[in-house]
Amino acid sequence: MSLILTPLLVLLAQSPPLPEQQVGGEIETRFTFEGQTAQARFGKNVDAGADIDGDGVGDILVSADLDDPSGQIDAGSVFVYSGADGSELLRIDGPAAGAAFGTSACFLSDVDGDLVPDILVGAPGVDGVQFQKIGAAVVHSGADGSQIHVVTGIQEEQFMGTAVAALGDIDGDLVDDFAVGSEWFDTVTSSNAGRVEVFSGADASSLLVIDGTQGFGLFGCAVDAMPDIDGDTVPDLLIGQRGLTPLGTFRAGGASVRSGATGAVIYAVTGSDFNDQMGSDVSQLQDYTGDGVPEFAVAGHNARANSFVAAGKIRVFDGATGSFVFPIQGLVPQGWFGYSVADAGDVDGDGRGDILVGAILEDENFADASGTAYVFSGRDRGLLFRHNGAVEDGNMGFHVAAAGDLDGDGNLEIVVSAPGTDLVSAVTPLLGAGIVEVLDLDPYLRGSENELSRSAGGNIDMIVDFPASEAGFDYMMLFSARPPGTTLFSGILLPLEFDSFTINAFNGLYPPIFSNAQGALDANGDTVVNLSVPPGALTPGAVGALFRACVVSADFGMGTPRLTTIATTLQVVP
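Under this note's numbering, think of the first position of the sequence shown as 452, with each following residue one higher.
See the structure below:
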């Protein structure tokens, strides 16, 4: 069985991809949560993973910092939803009008000893006794929402709480601690230099204060935890500084990894172009280099990328050395790719974590600023999944988080927000109320291994799990040695760039290491393709080669492809 490529089909294969199409696999919406007040900015922050209700399934946190609970304008609210059934478990409202409670928010480990994870919320609009908008960060019980700790700013318009992060145990008392950013903080010498303060999870005492050193640097605009990088047994911090002007490059931005013990700089990285605003978001990632130390991502949503103004980019750095590893760049002018970034977990099952990125001003569905959320491979930076917003000014991807496998189906979920989304009901339209979606990512394809040793050889099973709708249809494995890319082929977008390997596979010509590379899917729409390589069978020149493979279901009698898996990777190692 083969599908011969005619000159017309080759031409189709070389056509540009359609931006609104998903590239392989399936995205299923498990839950959609909706804001309850117009212009609430529901989805300003999202987090996932903590099990609040004790059912063994991680739950979902959503903030709406401009919510109007009980008529208190912009007091803000935070909600927790069950990861099992989507029901609302907890609601916590801001203390007063204008508090902007939920400008930042995340789960925190149990700090009050009741065995239930707690919740950390930033409220930069809180007023003090003497000064306006000093801001605050509040720790609330995950069990009942009651207040456990509150820390406040110290100066007029400090806006403390624009960023918060749950940390490890900084002071060694066996209770995890937390960090709070105040990007508008004025030091003695510099306006809006910014500040990050670390507080005890046990009693909210101040453990560490780190101030920015440059006026309008906005140090602390984003904060995340890092493990112990410098070997002193104390967890460290990752801090964004989007307003930094390094070497005179206006607001190129930057970020730094700081000692959790002293605040000293361990690594510092900076943007390179005018107004990149690198450091607008930061995230700890998984270990991509294999040295046992997690990497970290620094986003610059306003960066010039692929010659496009404000297309945006993220940069990934080695956690062990601070050296640059790779970029992922936006492809849409003014798209603000990298407005949010997070570790996605190992979505494609290749043994490496993947990267979740929001691009809030992209308009993939021809609706301005509808936004897009992307998942990229941590192994080869190839696009795995893309979820487009559907509403103009919805800003899909405003905030993003990994949720793990909530339903036990073997696929991971992610949480993405679109806080600008209008909710139009028969009674009262809620303009800009916002939505948050929990998305199940099904790759349709997983490899039992993703590395093949030239010296030892080995066997790899490529496990194909199409929906039952594909039962009995033909299938074909396609592969390519080209870098990550996409190809529009006969109306379907394939997650490969074609090369001679791909053309041969289309014509039924496979290397002898493949078995069952084409045939008919079983009654469940499944099959297994096997690669079997004897020791030393591959040439020395193959070491280091990276192949990408996908499987297509089709009615080959009609010459019509139907569905495709994502592309999975296979790397040849010594």
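Each residue gets a CB set at the ideal place from its N, CA and C atoms; glycine is no exception.
Measuring CB to CB, does residue i end up less than 8 Å from residue j?
i      : j      : result
Leu812 : Val792 : no
Asn839 : Ser868 : no
Ile680 : Ser707 : no
Leu982 : Thr953 : no
Leu695 : Gly705 : yes
Asn496 : Ala556 : yes
Arg830 : Gln737 : no
Ala703 : Ser731 : no
Leu688 : Val647 : yes
Ile886 : Thr480 : no
Pro870 : Arg542 : no
Phe775 : Asp805 : no
Leu540 : Asp504 : yes
Tyr790 : Gly845 : no
Gln692 : Gly666 : no
Ser864 : Gly855 : Residue identity differs from the one stated: residue 864 is Glu in this sequence, not Ser. Result yes, Cβ atoms of Glu864 and Gly855 sit closer than 8 Å.
Distance, Cα to Cα, residue i vs residue j?
i       : j      : result
Pro1025 : Pro963 : 20 Å
Thr640  : Leu571 : 30 Å
Thr721  : Asp536 : 43 Å
Phe1031 : Val531 : Nothing about residue 1031 can be read from this structure; the chain reaches only from 452 to 1025.
Ser941  : Asp950 : 17 Å
Phe917  : Asp565 : 44 Å
Val979  : Tyr961 : 16 Å
Pro935  : Ser876 : 42 Å
Trp787  : Val994 : 37 Å
Gly500  : Val508 : 8 Å
Gly714  : Thr938 : 48 Å
Pro777  : Asp510 : Sequence inspection shows Phe at residue 777; the Pro mentioned does not correspond to that position. In a straight line, the C-alpha of Phe777 is about 32 Å away from that of Asp510.
Thr823  : Val851 : 11 Å
Pro745  : Tyr718 : 14 Å
Phe747  : Pro686 : 14 Å
Gly796  : Ala771 : 20 Å
Tyr825  : Arg837 : 5 Å
Ile1017 : Asp860 : 17 Å
Ala841  : Glu815 : 9 Å
Val915  : Ala754 : 39 Å
Val660  : Val783 : 39 Å
Phe636  : Ala550 : 17 Å
Ser592  : Glu900 : 42 Å
On the CB-based measure, 16 or more other CB atoms within 10 Å of its CB, does residue i come out buried or exposed?
i      : result
Ile524 : exposed
Ser966 : exposed
Thr488 : buried
Ser533 : buried
Asp624 : exposed
Gln969 : buried
Pro894 : buried
Pro985 : exposed
Gly682 : exposed
Thr879 : exposed
Gln581 : exposed
Ser931 : buried
Asp727 : buried
Gly809 : buried
Residue i and residue j look like a contact to me (Cβ under 8 Å); what is the Cβ gap, rounded to whole Å?
i      : j       : result
Val733 : Asp769  : About 15 Å; that fails the 8 Å criterion.
Leu997 : Gly898  : Not a contact, Cβ separation roughly 13 Å.
Ala756 : Gln785  : With a Cβ gap of about 11 Å, Ala756 and Gln785 do not count as contacting.
Phe670 : Ala644  : 6 Å
Val474 : Leu834  : 6 Å
Met927 : Val1002 : 7 Å
Among the residues of its own chain, which have a CB less than 8 Å from the CB of residue i, if the five just before and after it don't count?
i       : result
Asp1006 : Phe924, Asp925 and Arg1013
Val601  : Ala587, Ala588, Val589, Val590 and Ala655
Ser538  : Tyr532
Gln583  : Glu607 and Glu608
Residues in its own chain within less than 7 Å of residue i by CB, not counting five upstream and five downstream?
i      : result
Ile628 : Note on identity: in this sequence residue 628 is Asp, with Ile being the wrong assignment. Correct list, in chain order: Leu618, Asp620, Ile621, Asp622, Val649, Phe650, Ser651, Gly652 and Leu658.
Glu921 : Leu972, Gly976, Ser1004, Arg1013 and Leu1014
Glu902 : Gln1022 and Val1024
Gln472 : Interpretation of Gln472 is limited by its pLDDT of 49, a score under 50 that renders its predicted location unreliable; the figure taken from the coordinates is listed afterwards. Result list for Gln472: Leu944, in chain order.
Phe558 : Asp498, Gly500, Ala501, Leu512, Pro568, Ile570 and Ala617
Ala919 : Asn975 and Gly976
Ala988 : Gly908
Asn862 : Asp856, Asp891, Leu892 and Asp893
Cβ of residue i within 7 Å of any heavy atom in the ligand ADP?
i      : result
Ala795 : With respect to small molecules bound, the structure shown includes none, and the ligand ADP cannot be examined in it.
Beta-carbon within less than 6 Å of residue i's beta-carbon, same chain only, minus the 5 sequence neighbours each way: which residues are those?
i      : result
Leu874 : Glu485, Leu881 and Ala884
Glu477 : Asp893
Asp519 : Thr488
Gly632 : Thr613, Ala614, Val647, Gly671 and Val674
Gly663 : Ala644, Gly645 and Phe670
Measure from the C-beta of residue i to each C-beta in chain C and report whether the shortest distance is under 8 Å.
i      : result
Thr937 : In the structure shown, chain C cannot be found, because there is only a single protein chain.
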